[in-house]
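Chemist:
In our numbering, the protein residues as written are 802 to 985.
#1: Taking all protein chains shown into account, decide if residue 804 is buried (16 or more other Cβ within 10 angstroms of its Cβ) or exposed.
#2: Can you tell me the Cα-Cα spacing of residue 855 and residue 943, whole angstroms?
#3: Pick from 899, 861 and 886: whose alpha carbon is nearest that of residue 877?
#4: Curious, which full-length beta strand (DSSP E) runs of at least 3 residues does the stretch 846-921 contain?
#5: Can you check which of these residues, 933, 819 and 810, is closest to residue 909 by C-alpha distance?
#6: Quick check: the Cα distance between residue 935 and residue 928, rounded to an integer number of angstroms?
#7: Where do the N-terminal and C-terminal ends of the beta strand (DSSP E) with residue 830 fall, by residue?
#8: Bridge partners for residue 807 per DSSP, in chain order?
#9: What first and last residue would you give for the alpha helix (DSSP H) that runs through residue 813?
#10: Could you check how far apart the C-beta atoms of residue 905 and residue 851 are, in whole angstroms? I think they sit under 8 angstroms.
#11: Can you give me the C-alpha to C-alpha distance between residue 902 and residue 882, rounded to a whole angstrom?
So, in structure tokens, the structure goes:
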């Protein structure tokens with residue numbers, strides 16, 4: 802995969818700066834959005850490989866954005882990691898229920914963020930590889946099915962020809978017997 806494109810959505814400019822710098826150091830292409838509306842326009846323009854999404858934004862909640870993305874066939878496969886100061890179990894469960902794949906609490910540790918981002922990108926790459934392999938396998942199955950269908954048609958034709966030959970042979974044999982009986 803080329804350099805993954807990551808969208809960070811957070812209204813805290815310090816968080817955007819720190820996360821952007823850290824992810825850029827790992828050769829990720831980083832885009833930033835400070836509101837949900839900006840994020841949605843950015844996603845519509847260019848699909849990111851992964852989204853880091855704050856829950857508390859000035860216009861939308863991160864949950865709402867995640868749910869919108871999950872309902873859109875074009876964006877539903879984008880992994881979303883929530884990053885939030887909300888650290889109750891209920892908040893985390895709500896994030897996963899909205900469609901998030903991971904949850905990091907603020908203040909965050911850079912090594913943890915890097916590891917979780919890398920992990921989700923690897924999972925996404927593995928899913929893409931499985932889809933490619935499944936498509937190749939389906940193509941092979943279709944080719945093999947076509948070959949088997951052609952072989953079946955050929956065998957049915959050969960059986961039909963042999964049945965006709967046997968019937969003609971029996972008819973000839975019956976005529977031959979009748980001829981011999983008439984001669985004797």
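The beta carbon of each residue, even a glycine, is placed where N, CA and C say it ideally should be.
Modeler: Taking the coordinates as given:
#1: exposed
#2: A straight line joining the alpha-carbon of residue 855 with that of residue 943 spans about 45 angstroms.
#3: 899
#4: 851-854, 881-885 and 903-906
#5: 819
#6: 10 angstroms
#7: DSSP places residue 830 in the uninterrupted beta strand (DSSP E) bounded by 830-834.
#8: 831 and 851
#9: It is not in any alpha helix (DSSP H) - residue 813 carries neither H nor E in the DSSP assignment.
#10: That belief does not hold up - the Cβ atoms of residue 905 and residue 851 are roughly 12 angstroms apart, past 8 angstroms.
#11: Computed Cα separation, rounded: 6 angstroms.
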